[in-house]
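Shown next, in structure tokens, is the structure this report addresses.
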Amino acid sequence: MKKSAIAISFLVLMAIFASPVSASAAAKAGIKPGSFFYFFDTAFEKIGLFFTFNPEKKAQKAMEYAEEKLAEAEAAANENKPEAVATAMANYQNDVSFATNESKTIEDKIKAENLLSIIADNTSKHQEVLAEVLNKVPDEAKEAIIKAIEVSKKGQEEAMKQIAELKGEVEQLKQAVAELKAKDENQTKTIEELGKQKSENVSVPVKSSTSQSPT
């Protein structure tokens, strides 16, 4: 029991203090399914996501993990390990779905659009890689690849849909700001004209000099 508590504490500390996964590192296959340490690898990822509270960073991290799972599946396919491919693909699907759902919670529309563009671009590239992997694996692993392609396409479509919605909202906001600015300019112009008219209508009293006739 004590050893389990120590192990859990170690995992938590590693997840908190571990440096973020870079894009280049995420593209490389790390510990592959079937390894004794694969459980700890995925546990680190889950704990890392749990302790990432910023939704933008959380979605980015999930996409990095998806990239790693894709590389794992490709490496396992080259080694003719269909079970490892299926495991990597199941985790890939979870990561892509997680990133897509998490992107919906980002309040900053510009940041959300940028992240969704990354998701759309990456999932499009993933589908090309998955199509190549599909041709390498035996029949028993093809179903997992096909499901992963479907999830990747769904993630891409969802990201593009959200981008379109965000662009529409941004355009509406820009139009509203432009209308308010035009209204403000019109009000300022009207006030200036009224002030000008008022100054013109004010009569200035003129002193009249009266000449006295000599008596």
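With mature numbering (1 follows the signal peptide of the UniProt record, and there is no 0) applied, the sequence shown corresponds to residues -25 to -1, 1 to 190, in that order. In this text, a Cβ means the ideal position worked out from N, Cα and C, and glycines have one as well.
By the beta-carbon neighbour count (other beta carbons within 10 angstroms, threshold 16), E49 is buried.
Within the model, the alpha-carbon separation for T27 versus D16 is close to 17 Å. Listed in chain order, the alpha helix (DSSP H) elements of length 4 or more contained wholly in the region 60 to 139 are 84 to 111. A contact is defined here as three or more CB-CB pairs under 8 Å, and the region 68 to 82 meets this definition with respect to the region 30 to 49. At the C-beta level, A123 and L105 come within 7 Å of one another. Contact check between the region 95 to 102 and the region 148 to 158: fewer than three CB pairs, one atom from each, fall below 8 Å, which does not count as touching. Between A59 and G5, the CB-CB gap reaches or exceeds 7 Å.
A87 and I94 do not touch by the CB rule: their CB atoms are close to 10 Å apart, not below 8 Å.
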